[in-house]
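Taken in sequence, the protein lines are chains A and B. Residues 87 to 405 in this note's numbering are what the first sequence lists, from first letter to last. Residues 87 to 405 in this note's numbering are what the second sequence lists, from first letter to last. See structure below.
Protein chains: 2
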Amino acid sequence: MSAAGEFDLIRRYFHRPQLQSATPMALGPGDDCALLDVPSGQQLAISADTLVAGVHFLPEMPAAHIAQRCLCANLSDLAAMGAKPAWFTLCLTLPANDETFLQGFSDGLAQVAQRYGISLAGGDTTRGPLSISIQVIGWVPQGHALQRNGAQIGDDIYVSGYLGDAAGGLACLQENVTDTGYLAQRFYAPTPRLELGQWLQDKATAAIDISDGLLQDVGHILQQSRLGASLDVTQLPISQTLATQVPLAEQERLALAGGEDFELCFTMPQSWRAQVQDYSKQQQLPLTRIGQVEALSGLRLWRDGQAEVLPENLGWQHF
Amino acid sequence: MSAAGEFDLIRRYFHRPQLQSATPMALGPGDDCALLDVPSGQQLAISADTLVAGVHFLPEMPAAHIAQRCLCANLSDLAAMGAKPAWFTLCLTLPANDETFLQGFSDGLAQVAQRYGISLAGGDTTRGPLSISIQVIGWVPQGHALQRNGAQIGDDIYVSGYLGDAAGGLACLQENVTDTGYLAQRFYAPTPRLELGQWLQDKATAAIDISDGLLQDVGHILQQSRLGASLDVTQLPISQTLATQVPLAEQERLALAGGEDFELCFTMPQSWRAQVQDYSKQQQLPLTRIGQVEALSGLRLWRDGQAEVLPENLGWQHF
């Protein structure tokens, strides 16, 4: 490609109005930096993630689905802090200038950007093995962010939505990479629980999004809060689709360790139970109480009143 | 590696106090997001870049040098906006958990972070072909950022430092990847011209950092300012080292098109000439007047009063 190739490509696929959402920019992409105004009283929340072809997604997936998956996964980190999305940057590494891929990728990004109100502020395209790094920037009223370290003894432990669907969806996609069924969609277009995260401000004592698997992610809350917990495996929320497609033992394994569901797991004083139920009904979003925070360190899984030893290495392995 | 591998690795190599600099964080790495306070009256400046092994650096280079190169290149984008560095995020993709590499990489990052006052706020480590995406966040007093689009007819065009050294250094490193001579250093540890960028606020009419090569980068200023320019190739600042190691024609080619020097190129009304000279002396930083902005579109290269046609494709090719 000509020297102008990168700039033409960036302009065509990434300087589209569809990638600009509600939050304005003082200066958008196209200069050395973007310039952004943060409203006063707000704290920035930032997070960055890389998704590598063959590790985090199937390289043969439609480009729009790859884009959706990447941006939604990053938005989920904002949700877990109770933050409101504002801007993101995209570092896209591509083996070649594949216009079909770029068009699909740009369309997928645009769809998510419009839906969740986030604008592309800048980034970089480079040649190399397919991988995508996205950094999201949001904000949250100063001092009101949800953190991982505030869980208290006796708090209820909740999860949003259903667990294990994304892992089930990945299995579907491995059979048919263009599958657009319910489970496949839960893998490539997970729902960042942004409204829930904002609602949880000043209510939840700790929160995290489920990327590595419920057990690992609850473990992060407990470790940072220096406490333990019991979970009731019979309470794990399993979708009807997963329940009909997968044997019971496998449902449980996917729900506990599948990861990538990008649901929120949060701890809350028991006094909030009624409000949680109301909110869940209003929003038609399952919020399931799956356990309790305890003084005794470690994570215990219970079934029919029997504690089980926690099996090791049930989570997603990055390395 | 065990499931805990990524978290141990992140803690050991990236949660080091050496990677925390002057600018405090409300909440540093280790949660879903970092939380950051932006001083009032300041605008955020953000930029992101990916460096891929074999494309942007030699994979066999010492890890500390790879880290320096990546972070300095990103800081240079802040310099080109006149912004002050605050935080960065790091997405590191590695083929394997190589502790020697990680230690060296972390040390290289820490050295640059301390020197230029930037703190690591978060990021991600993943398995895959070696590549590094860094996003830098800085700030600049609201409305005072340097942009590319403000050049005026008659403005002088300046560059800082010397041109072509980084390209010369890359050639040295291709012969000996552990070379630490002057030219090699200009490749792996370029100097982001942060103080110069801040000094240029309210003086320069346009600025850019030289990453793609002088001709391409001047071209960006001219394109965004909708003007043309003449450059005097006999005025290109060439270091003594490059001048003694490389034939004249090659010096010129490297200075015009080598790229990756991360010097600043800026335009300024002629009335600032005396102040530029004074600043250059005080800082012992060459600031060389190499041309002038003109109404006639296009970029003309002059030598001894003769205009030459601008050869095509003299810049760095991303794709």
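Quick reminder that beta carbons are idealized off the backbone N, C-alpha and C, glycines included.
Partner residues on chain B for residue i, Cβ-Cβ distance less than 8 Å
i         : result
A/Gly-208 : Ile-132, Ser-133 and Ala-134
A/Asp-295 : Asp-118
Cα-Cα separation between residue i and residue j, rounded to whole angstroms
i         : j         : result
A/Gln-390 : B/Phe-174 : Per the sequence shown, residue 390 of chain A should be read as Asp rather than Gln. Rounded to the nearest angstrom, the two C-alpha atoms are 48 Å apart.
B/Asp-393 : A/Ile-223 : Checking the sequence, you will find Ala at residue 393 of chain B rather than Asp. Each residue's alpha carbon lies about 47 Å from the other.
B/Gln-287 : A/Arg-339 : 58 Å
B/Leu-122 : B/Leu-256 : 37 Å
B/Ala-112 : B/Ala-120 : 8 Å
A/Thr-330 : A/Gln-370 : 22 Å
B/Tyr-99  : B/Ile-218 : 15 Å
B/Arg-272 : B/Asp-251 : 6 Å
B/Gly-401 : A/Met-167 : Annotation note: pLDDT 47 at B/Gly-401 (below 50); position unreliable, no value reported.
A/Ser-246 : A/Gln-378 : 15 Å
A/Ala-150 : B/Asp-364 : 54 Å
A/Gln-197 : A/Leu-144 : 20 Å
B/Glu-380 : B/Leu-313 : 6 Å
A/Met-147 : A/Thr-264 : 6 Å
A/Leu-334 : B/Gln-221 : 44 Å
B/Asp-241 : B/Ala-315 : 9 Å
B/Leu-95  : B/Ala-182 : 12 Å
B/Ala-89  : A/Glu-185 : Low per-residue confidence applies at B/Ala-89: pLDDT is 42, beneath 50, and the placement is therefore not dependable, though the value from the model is reported in the following sentence. Computed Cα separation, rounded: 37 Å.
B/Ser-205 : A/Ile-307 : 25 Å
B/Gln-309 : B/Tyr-274 : 30 Å
B/Gln-106 : B/Pro-215 : 27 Å
B/Ala-108 : B/Ala-172 : 8 Å
B/Thr-179 : B/Asp-117 : 20 Å
A/Val-124 : B/Gly-384 : 38 Å
B/Ala-165 : A/Val-141 : 35 Å
B/Val-138 : B/Val-304 : 25 Å
A/Glu-261 : A/Gly-254 : 11 Å
B/Ala-134 : A/Thr-212 : 12 Å
B/Asp-295 : A/Asp-295 : 38 Å
B/Leu-282 : B/Lys-367 : 13 Å
B/Pro-227 : B/Ser-126 : 9 Å
B/Gln-104 : B/Phe-187 : 17 Å
A/Gln-326 : A/Pro-355 : 29 Å
Per-residue contacts from residue i into chain B (C-beta, under 7 Å)
i         : result
A/Ser-311 : Within 7 Å Cβ-Cβ: nothing; A/Ser-311 doesn't reach chain B, min ~12 Å.
A/Thr-175 : Ile-132, Ala-134 and Gln-221
A/Ser-217 : Thr-179, Gly-214 and Ser-217
A/Ala-169 : Cys-119
Buried/exposed call for residue i, threshold 16 Cβ in 10 Å
i         : result
A/Ala-131 : buried
B/Lys-170 : buried
A/Leu-387 : buried
B/Ser-162 : buried
A/Ala-270 : buried
B/Leu-350 : buried
B/Thr-353 : buried
A/Ile-239 : exposed
B/Arg-359 : exposed
A/Pro-62  : Because chain A here runs from 87 to 405, residue 62 of chain A falls outside it and cannot be looked at.
A/Leu-382 : exposed
A/Gly-229 : exposed
B/Thr-266 : exposed
For residue j and residue i, believed in contact at Cβ under 8 Å, the rounded distance
i         : j         : result
B/Tyr-244 : B/Thr-374 : 6 Å
A/Leu-195 : A/Ala-231 : Incorrect: roughly 26 Å between the Cβ atoms, too far for contact.
A/Leu-259 : A/Asp-347 : Actually they are not in contact, since the Cβ atoms of A/Leu-259 and A/Asp-347 sit about 15 Å apart, beyond 8 Å.
B/Gln-128 : B/Trp-225 : 4 Å
A/Arg-102 : A/Ser-192 : 6 Å
A/Pro-115 : A/Ala-199 : Not confirmed; about 13 Å, so no contact.
B/Gly-203 : B/Leu-176 : With 8 Å as the limit, B/Gly-203 and B/Leu-176 do not qualify as a contact, their Cβ atoms being about 17 Å apart.
B/Leu-328 : B/Gln-337 : 6 Å
B/Gln-361 : B/Ala-292 : Actually they are not in contact, since the Cβ atoms of B/Gln-361 and B/Ala-292 sit about 17 Å apart, beyond 8 Å.
A/Gly-190 : A/Ser-311 : Contact doesn't hold; Cβ gap of about 42 Å is too wide.
Amino acids of chain A, ordered along the chain, whose beta-carbon sits closer than 8 Å to that of residue i
i         : result
B/Asp-163 : Asp-118 and Cys-119
B/Gln-260 : Those do not exist, as B/Gln-260 stays about 19 Å from chain A at its closest Cβ, beyond 8 Å.
Contacts that residue i makes with chain A (C-beta to C-beta distance below 9 Å)
i         : result
B/Gln-129 : Ala-112, Leu-113, Leu-121, Leu-122, Asp-123 and Val-124
B/Gln-233 : Leu-113, Asp-117, Asp-118 and Leu-121
Under 7 Å by beta carbon: chain A residues contacting residue i
i         : result
B/Ala-279 : Correcting the residue type first, residue 279 of chain B is Arg in the shown sequence and not Ala. By Cβ distance, chain A contributes nothing, its closest Cβ being about 12 Å from B/Arg-279, past 7 Å.
Amino acids of chain B, ordered along the chain, whose beta-carbon sits closer than 9 Å to that of residue i
i         : result
A/Ala-166 : Asp-117, Asp-118 and Cys-119
Are there three or more Cβ pairs, one per stretch, closer than 8 Å when the region 334 to 344 of chain B is compared with the region 296 to 303 of chain B? yes
Take every Cβ of the region 276 to 283 of chain A, pair it with every Cβ of the region 156 to 170 of chain A, and state whether three or more of those distances are shorter than 8 Å. yes
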